[in-house]
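Protein chains in written order, with the working numbering: chain A, 1 to 318; chain B, 1001 to 1349.
Notes for the one structure printed next.
Laid out in structure tokens, this is it:
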């Protein structure tokens, strides 16, 4: 028995749920809007900070309320991004690379805007918001099944992930809006010709994607011991790798990717640590190796163009 | 009362301008001209800075007969020893500078070349993201790697001109060296962009499939460009570590990359003169903020955060308002273009 394996196993379950909640909206937003959105990291952090500001300044202690508010605010930010930046750029016929660079600019601006907000809040309340401790919510149950204590964060994560996956499935498969969204994802101009209000659908997709990610951020505040404005950034590598394993198109494969990355990061590093003595802080290297392996073995050709160079004959003339 | 040291301001601005211009020219060559979405500029910059810091501090101690296993350069006794030994021999300092430059160019360039194998065969999103995350990995590695000081970094790096007694003259000599290398970088890049290789690159950027159909080996061309661009970024890192005389992992956050991106987007994508202009404007704003804010006494909002928000918004606003930048890209200067222009304007007939 490897020391710390049970801890690694419980972390694996927890992280795979988090990666699922964070990576599903990323895939969905790319599929519908064709924007590789690096400001996705901000959605996570802003969701977490809605909960933290509510808790720190007004003393709110309800996760449901925080999640609902975070959904609205972050979804609003996502729609704002789309209306002010992505839609004008797309209308001008910008390349995917230009859209990606603009989302980078948004990322950096939002991140330091949050730092400024924490400074201002610190000035008025005197509390430290740059590193905020774990929040214990009053309305999430703590239970134990067969002697295993289920922490509040795990319970919240299970509830959130189930609700999100179920709601996304029902919406995309059963409702008219979901069908319109899939039509826009598959062929935007054809969808527009058939009378689907494309810009409305795209805005709705952004709202849902931003909102879901923010809910994940709210749950994160009950899991992580110290939430900082870097919380989203530190998960960018994992979340995007999960998305890339799904090719940024398949929601099902994104789920598989979440399981894969969470197991590599938690169980894999625990094994390496006990057998080879590799420090656990090096677990991003494993994720990076997975990313590189994915790119070499299955060159995904969907996201943002790219040619199947791997199938060029070796030594072809320049 | 606002006091202002004009000469000191100019020297510090121009030195920063030189360092960032080398970065922005090389990034413009990679991204503006050849279309590689390089979001990992900070990797090669950081590798260059750390290589020069490590070479200089370790070699100075070793050549002076210090046992680095007992007093490594990041320990307190090592730092004290370094400041005593640093400026004894001018020739040694210059030699270490040259060695650092060569090593930084070679290692950064090779790293860029190696990284291209998996990534240049997929779309721009994957290229950008992989390079971005390799920057974070480098930071995590440096944070935990003891021989380069882990989270403390390396301090008291001996500058190549430390033996000049007058501090103004020392700064001016350093500035001269940086600007000299900037001129070299500009010349090399300008020649490259206007060469057959440069024109191929523009073709690749504009239509990859067409370039492929014309028989160009696109990944190999891009890898060559990334080798050259990363090498120059490494050189810029060398200058940074000598200028600040200390390096630590948290200097190399992804935001540094976006600072350089803001420069080339503001200046003009694909125009080397534009990257000079963009670097000049952004480093000027940076320096003015650093000089002015301590005298305004603003404490609630840190000027550092404000600066990054401005950089981020600048990228977005320039892309929205004037995507071609202040100095738009111009046609390449070749004899054939001149001939066609003469025919069109009816001069040569």
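C-beta atoms are modelled at their ideal positions from N, C-alpha and C, and glycine is treated no differently.
Just grab the DSSP bridge partners of residue i for me.
i	result
residue 143 of chain A	A:150
residue 132 of chain A	A:227
residue 1154 of chain B	B:1247
Which bits of chain B does residue i rub up against, with CB to CB less than 8 Å?
i	result
residue 106 of chain A	1312 and 1316
residue 244 of chain A	1126 and 1129
residue 60 of chain A	Near residue 60 of chain A there are no residues of chain B at all, since even the closest Cβ is about 25 Å away, more than 8 Å.
residue 260 of chain A	Going along chain B, no residue has its Cβ under 8 Å from residue 260 of chain A, so there is no contact; the nearest lies around 17 Å.
residue 279 of chain A	1144
Could you check what DSSP says for residue i in three-state terms: helix, strand or coil?
i	result
residue 1069 of chain B	coil
residue 1332 of chain B	coil
residue 319 of chain A	Residue 319 of chain A lies beyond the residue range present for chain A, which begins at 1 and ends at 318; the question has no answer from this structure.
residue 319 of chain A	Nothing can be reported for residue 319 of chain A: it is not among the residues displayed for chain A, which extend from 1 to 318.
residue 80 of chain A	helix
residue 1247 of chain B	strand
residue 247 of chain A	coil
residue 1164 of chain B	coil
residue 1325 of chain B	coil
residue 1075 of chain B	coil
residue 1217 of chain B	coil
residue 1118 of chain B	helix
residue 39 of chain A	coil
residue 203 of chain A	helix
residue 293 of chain A	helix
residue 1271 of chain B	coil
residue 1302 of chain B	coil
residue 1035 of chain B	coil
residue 232 of chain A	coil
residue 1259 of chain B	helix
residue 67 of chain A	helix
residue 278 of chain A	coil
residue 302 of chain A	Unreliable placement is indicated for residue 302 of chain A, whose pLDDT of 49 sits below 50; no coordinate value is reported for it.
residue 192 of chain A	helix
residue 175 of chain A	coil
residue 95 of chain A	coil
residue 1159 of chain B	coil
residue 1347 of chain B	coil
residue 115 of chain A	helix
residue 1016 of chain B	helix
residue 1222 of chain B	helix
residue 284 of chain A	helix
residue 137 of chain A	coil
Strictly below 9 Å CB to CB, what residues from chain B border residue i?
i	result
residue 295 of chain A	1118, 1119, 1121, 1122, 1126 and 1130
residue 285 of chain A	1137, 1140 and 1141
residue 276 of chain A	Chain B residues near residue 276 of chain A: none, gap ~15 Å exceeds 9 Å.
For residue i, return the contacting residues in chain A, with the cut-off set at a CB-CB distance below 9 Å.
i	result
residue 1039 of chain B	38, 100, 101 and 104
Mind listing the chain B neighbours of residue i? Cutoff is C-beta to C-beta under 7 Å, in chain order.
i	result
residue 85 of chain A	1316 and 1320
residue 88 of chain A	1320
residue 158 of chain A	What residue 158 of chain A touches in chain B: nothing, since even the nearest Cβ is about 29 Å away.
residue 223 of chain A	Those within 7 Å of residue 223 of chain A in chain B number zero; the least Cβ separation is about 21 Å.
Along chain A, which residues have their Cβ under 7 Å away from the Cβ of residue i?
i	result
residue 1255 of chain B	108
residue 1107 of chain B	Within chain A, no residue comes near residue 1107 of chain B; the closest Cβ sits about 19 Å away, beyond 7 Å.
residue 1332 of chain B	Here the premise fails: no neighbours, minimum Cβ distance about 19 Å.
residue 1285 of chain B	None at all; the shortest Cβ gap to chain A is about 15 Å.
residue 1047 of chain B	Chain A residues near residue 1047 of chain B: none, gap ~16 Å exceeds 7 Å.
Please list, in chain order, the chain A residues whose beta carbon lies closer than 8 Å to that of residue i.
i	result
residue 1260 of chain B	The contacting residues do not exist; residue 1260 of chain B stays about 12 Å from chain A at best.
Positions along the stretch 1121 to 1149 of chain B whose CB lies within less than 9 Å of some CB in chain A:
1121, 1122, 1123, 1124, 1125, 1126, 1127, 1128, 1129, 1130, 1132, 1133, 1134, 1136, 1137, 1140, 1141, 1143 and 1144
Specify whether the stretch 215 to 227 of chain A and the stretch 259 to 275 of chain A touch according to this definition: at least 3 beta carbon pairs, one from each stretch, less than 8 Å apart.
Touching, no.
Of all the residues that make up the stretch 1291 to 1307 of chain B, which are near chain A by a beta-carbon distance shorter than 9 Å?
1299, 1300, 1301, 1302, 1304, 1305, 1306 and 1307
Can we say the stretch 93 to 102 of chain A touches the stretch 1116 to 1132 of chain B, given the rule of at least three CB pairs closer than 8 Å?
yes
Kindly confirm or deny that the stretch 55 to 68 of chain A and the stretch 132 to 149 of chain A touch, where touching means at least three C-beta pairs closer than 8 Å.
yes
Please list the residues of the stretch 97 to 129 of chain A that have a C-beta atom closer than 8 Å to any C-beta atom in chain B, keeping them in chain order.
97, 98, 100, 101, 102, 104, 105, 106, 107, 108, 109, 110, 111, 112, 113, 115, 116, 119, 120 and 123
Would the stretch 185 to 199 of chain A count as touching the stretch 52 to 64 of chain A if we require 3 or more Cβ pairs under 8 Å?
no
Chain B contacts from the stretch 227 to 240 of chain A (Cβ-Cβ distance under 9 Å):
233, 234, 236, 237 and 240
When the Cβ atoms of the stretch 1223 to 1241 of chain B are set against those of the stretch 1105 to 1118 of chain B, are three or more pairs found closer than 8 Å?
Taking 8 Å as the limit for Cβ pairs, the verdict is that the stretch 1105 to 1118 of chain B does touch the stretch 1223 to 1241 of chain B.
Compile a chain-ordered list of the residues in the stretch 1161 to 1194 of chain B whose CB is closer than 7 Å to at least one CB of chain A.
none
Taking contact to mean 3 or more Cβ pairs, one atom from each stretch, closer than 8 Å, check whether the stretch 1035 to 1044 of chain B and the stretch 1249 to 1260 of chain B are in contact.
yes
Output, in sequence order along the chain, the residues in the stretch 23 to 57 of chain A whose CB is closer than 7 Å to any CB in chain B.
The stretch 23 to 57 of chain A vs chain B, Cβ under 7 Å: 36.
How do the stretch 1129 to 1144 of chain B and the stretch 1264 to 1275 of chain B stand: do at least 3 beta-carbon pairs fall below 8 Å, yes or no?
Flag = no, the stretch 1129 to 1144 of chain B and the stretch 1264 to 1275 of chain B do not touch.
So, do the stretch 1013 to 1023 of chain B and the stretch 1071 to 1087 of chain B have three or more beta carbon pairs nearer to each other than 8 Å?
No, because fewer than three Cβ pairs between the stretch 1013 to 1023 of chain B and the stretch 1071 to 1087 of chain B fall closer than 8 Å, the two stretches do not touch.
For the 8 Å Cβ check, are there 3 or more pairs between the stretch 164 to 182 of chain A and the stretch 3 to 12 of chain A?
no
Which residues, in chain order, does the stretch 1231 to 1257 of chain B contribute to contact with chain A at a C-beta distance below 7 Å?
1255
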